[in-house]
Amino acid sequence: MGRVIHTQRKGAGSVFKSHTHHCKGLVRFRSLDFGERNGYLKRVVTEIIHDLGCGAPLAKVIFRHPFRYKKQNELFVAEGIYTGQFVYCGKKATLVVGNVLPLKSIPEGAVVCNVEHHVGDRGVFAKASVPMRLVGAKHAMAA
Numbered sequence: 003m004g005r006v007i008h009t010q011r012k013g014a015g016s017v018f019k020s021h022t023h024h025c026k027g028l029v030r031f032r033s034l035d036f037g038e039r040n041g042y043l044k045r046v047v048t049e050i051i052h053d054l055g056c057g058a059p060l061a062k063v064i065f066r067h068p069f070r071y072k073k074q075n076e077l078f079v080a081e082g083i084y085t086g087q088f089v090y091c092g093k094k095a096t097l098v099v100g101n102v103l104p105l106k107s108i109p110e111g112a113v114v115c116n117v118e119h120h121v122g123d124r125g126v127f128a129k130a131s132v133p134m135r136l137v138g139a140k141h142a143m144a145a
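For the sequence shown, position 7 (counting from the first letter as 1) is numbered 9 according to our numbering, and the numbering increases by one without interruption.
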């Protein structure tokens, strides 16, 4: 009889599970609403926290819920964000460190730290805390 190899053992779980009870929350963009699609939202960074699952500090930003009377906590990752900084999210936001913009309003050659594949999937490509990806030719992606 053969042996069970290491990668087969990892699929079963037990000691190979990740320790997620220390995590502060999911790091992602907020889902799009009317304000972000047509204009921009202005919010302030309330605190910088450390998450054991991430290698970079997280910025906690509180948004108002678009439909109900409550608040939403969102966690952003970007080098250079500080407490008290205003964060603009939306189509008409300016190109500054920490702001969230759609890819079509970012000029070619700009450095970004997170890219969404589909609108509203909250960041799939090039997810990092440091700005590391350059925006290339955008006309090839539209075709």
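Just so it is clear, CB atoms sit at the ideal spot from N, CA and C, and this is done for glycine as well.
| Item | Value |
| --- | --- |
| Going by beta carbon distance, what residues of the same chain come within less than 6 angstroms of Arg45, once the five residues before and after it are set aside? | Val63, Phe65, Val89 |
| According to DSSP, is Gln74 helix, strand or coil? | strand |
| What does the alpha-carbon distance come out to for the pair His24 and His52? | 10 angstroms |
| Identify, in the order they occur along the chain, each residue of the same chain with its Cβ nearer than 7 angstroms to the Cβ of Glu49, setting aside the five sequence neighbours on each side. | Lys62, Thr85 |
| Using the three-state DSSP reduction, which class does Ala145 fall into: helix, strand or coil? | Because the pLDDT at Ala145 is just 45, under 50, the model does not fix this residue reliably, and the point stays unresolved. |
| Quick one: grab the DSSP three-state call for Val2. | Here the chain has residues from 3 to 145 only, and residue 2 is not among them. |
| Terminal residues of the continuous alpha helix (DSSP H) containing Arg39? | 36-40 |
| Does DSSP classify Leu105 as helix, strand or coil? | helix |
| Candidates Phe69, Leu77, Leu103, Lys19: which alpha carbon is nearest Gly41's? | Leu103 |
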